[in-house]
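This report concerns only the one structure given below.
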Amino acid sequence: MKRKIAKIGPSTLMISLPNKWAKQHGLQKGDEVDVLEQENSLLVHANHAKIQKTLNIHIKNASAFLERVLTRPYIAGYDELCVTFEDPSVLQKINQTLSEGHMGFVVVEQGSRSCTIKNIAEEYEEDLDRFINKTFLCLITFAKESMDLIKKREYAKLEGLRNVYKIIIKFGRLCLRILNKKGCKNKKNLPSHYELTAAYSVVRSIMHSGNVLISLCANLKDLSPKTKIKPETLRICQGAVSLIEESYANYKKHACLETFYKYKQKMHSLKEPAKKILAKGGFPDALIVSKMLVLREHLYPLARYSYFPD
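Anchor point for the sequence shown: position 57 equals 89 in the numbering used here, and the numbering is continuous, going up by one each time.
Written as structure tokens, this is what we have:
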């Protein structure tokens, strides 16, 4: 859209805000907006405007899809969900789902066939960097502990790591919610979409990596302690864990291009040893290595978006 520039006084130039956009963000006379200069562009952010997004949902029964039905509006940034249902057992499932994976969301009103869910912890949404760090560190803990149990052949204990996985997903969803609601600070003079895309990709990659690891744990938890893993398989596992740790270090310091290329080389170095193990086959080594290769693919965005060009 185009706006004509008006002159107020001897030197002040003024343009009007689009009325639809101002109403959407609850802006009124006297409110403040953030204005960011980027080369020949001005970005206007209504960061301080508060508007409650409400959604009506009907849930038939407490099926496996219930979590997804609640998660999508949570990540999208809705602050209030008005839920109706037919099966009373849905309410118990809703409470369990919210407590396990949706920070800030609680049932504030309930009836025999309905409930209202609200976000009661907006303060969480002011600290994106902190929660991305927490999500990253939980993934590192998950990876190191799972590989340690595999080395020790304590396979039955792998199921106990599910709680760490749930924390990764909980923190990850919160990060995605914040990004959808408020975006992220532009720390460098980059195109406006770049850091938002980068942060979103990093969080999604962390969550996908957690999915791969919990899947591996589920595959191995029933193995006998007598089941041995080949040393070359364990080396690939350790290489993947090291890549996760290194990706976090690069994310924290916004690694240079040279560091990014070195990271890519380490990723590629896992491929040939993995191919040899897969060619030989055999359980559980082939399974473990195939999971590590999938994990490796999810680690690439962690490397790619940890590099911010100067």
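Even glycine gets a Cβ: it sits at the ideal position worked out from N, Cα and C.
Computed from a prediction, not measured in an experiment: that's the story for all the values here.
Cβ neighbour criterion (16 or more within 10 Å) applied to residue 100: By the 16-neighbour rule on beta-carbons within 10 angstroms, residue 100 is exposed.
At what residues does the beta strand (DSSP E) containing residue 343 begin and finish? Absent from the model: residue 343. The displayed extent of the chain is 33 to 342, so no value can be given.
Cα separation between residue 194 and residue 63? The C-alpha of residue 194 lies about 46 Å from the C-alpha of residue 63.
Along the chain, where does the alpha helix (DSSP H) that runs through residue 65 open and close? Note, residue 65: premise wrong, no alpha helix (DSSP H); not H, not E.
Rounded separation between residue 298 and residue 323 - CA only: Taking the CA atoms as reference points, residue 298 sits about 17 Å from residue 323.
Helix, strand or coil for residue 134, going by three-state DSSP, please let me know. Under the three-state reduction of DSSP, residue 134 is assigned to coil, being neither helix nor strand.
Residue 113: first and last residue of the uninterrupted alpha helix (DSSP H) it sits in: It is not in any alpha helix (DSSP H) - residue 113 instead sits in the beta strand (DSSP E) that spans 112 to 117.
Reduced DSSP category for residue 152 - H, G, I as helix; E, B as strand; rest coil: Three-state result, residue 152: coil.
Is the Cβ-Cβ distance between residue 238 and residue 137 less than 8 Å? By the CB criterion at 8 Å, residue 238 and residue 137 fall outside the cutoff.
From 146, 279 and 42, pick the residue whose C-alpha is nearest to that of residue 124; which is it? Among 146, 279 and 42, the Cα nearest to that of residue 124 belongs to 146.
Could you say if the stretch 325 to 338 and the stretch 268 to 282 meet the contact criterion of at least three C-beta pairs nearer than 8 Å? These segments touch.
Tell me whether the beta-carbon of residue 243 lies closer than 8 Å to the beta-carbon of residue 107. Between residue 243 and residue 107, the gap from beta carbon to beta carbon reaches 8 Å or more.
Among 274, 268, 284 and 289, nearest to residue 318 - alpha-carbon criterion: For residue 318, the nearest C-alpha among the options comes from 268.
Within 10 angstroms of the Cβ of residue 175, are there 16 or more other Cβ atoms? Answer buried if so, exposed if not. Looking at its Cβ environment, which holds 16 or more other Cβ atoms inside 10 Å, residue 175 is buried.
Below 8 Å on the Cβ atoms is my contact criterion, and I expect residue 348 with residue 200 to pass it. Report the Cβ-Cβ distance as a whole number of Å. Absent from the model: residue 348. The displayed extent of the chain is 33 to 342, so no value can be given.
Please confirm whether residue 86 and residue 110 have their CB atoms less than 8 Å apart. Yes.
Go ahead and label residue 230 buried or exposed: buried means 16 or more other beta carbons lie within 10 angstroms of its beta carbon, across all protein chains shown. Residue 230 comes out buried.
Between 327, 266 and 288, which has its C-alpha nearest residue 309's C-alpha? Per the C-alpha coordinates, the member of 327, 266 and 288 positioned closest to residue 309 is 266.
So, at 6 Å on beta carbons, what are the nonlocal neighbours of residue 223 in its own chain, with the 5 sequence-adjacent residues on each side left out? In this prediction, residue 223 has a pLDDT of 49, which is less than 50 and means its spatial position is unreliable; what the coordinates show is noted afterwards. Hits under 6 Å: none found.
Three-state secondary structure (DSSP) at residue 216? The three-state reading of DSSP puts residue 216 in coil, since its state is none of H, G, I, E or B.
Keeping to the same chain, check which residues put their C-beta closer than 6 Å to that of residue 43; ignore five residues upstream and five downstream. Excluding positions up to five away in sequence, the list is empty.
Go ahead and pull the three-state DSSP assignment for residue 84. Residue state, collapsed to three classes: coil.
Collapsed DSSP secondary structure at residue 46 in the structure displayed: DSSP places residue 46 in strand when its eight states are reduced to three.
What is the rounded straight-line gap between the Cα of residue 163 and the Cα of residue 250? Answer to the nearest angstrom: the Cα atoms are 27 Å apart.
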